[in-house]
Amino acid sequence: MKMRLGLVAGFGLGYYLGAKAGRERYIQINALLRKARRSDAYHHATDTAEAVVDRAADRAKELIEDHLPRNGHAASYPSSR
């Protein structure tokens with residue numbers, strides 16, 4: 372319940388401050404974001420993040436394959452009857 376209240380309060384505060392800042396500030400922030408997206412640091416960070424995610428996906432795939440049975444069938448566990 373506290374998290375939901377905090378989320379609603381944060382959304383409301385953000386909406387209020389954004390509306391107060393106005394259209395000019397919105398345009399200024401978008402211009403800064405476009406400039407940042409064109410920077411080398413942004414491209415380096417996104418390339419690095421993409422490589423980390425790819426590596427983690429490969430490791431997860433290997434881990435799953437190592438724990439699956441080789442015969443292609445689901446592992447059979449004794450029933451608890």
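Residues 372 to 452 in our numbering are what the sequence shown lists, from first letter to last.
Idealized CB from N, CA, C, for every residue including glycine.
All of these numbers come straight from a predicted model, not from anything done at the bench.
- Secondary structure note for residue 378: its alpha helix (DSSP H) is the uninterrupted segment 373-408.
- Excluding residues up to 5 positions away in sequence, 413 lie with their Cβ nearer than 7 Å to the Cβ of residue 407 in the same chain.
- Straight through space, the alpha carbons of residue 389 and residue 372 are spaced by roughly 26 Å.
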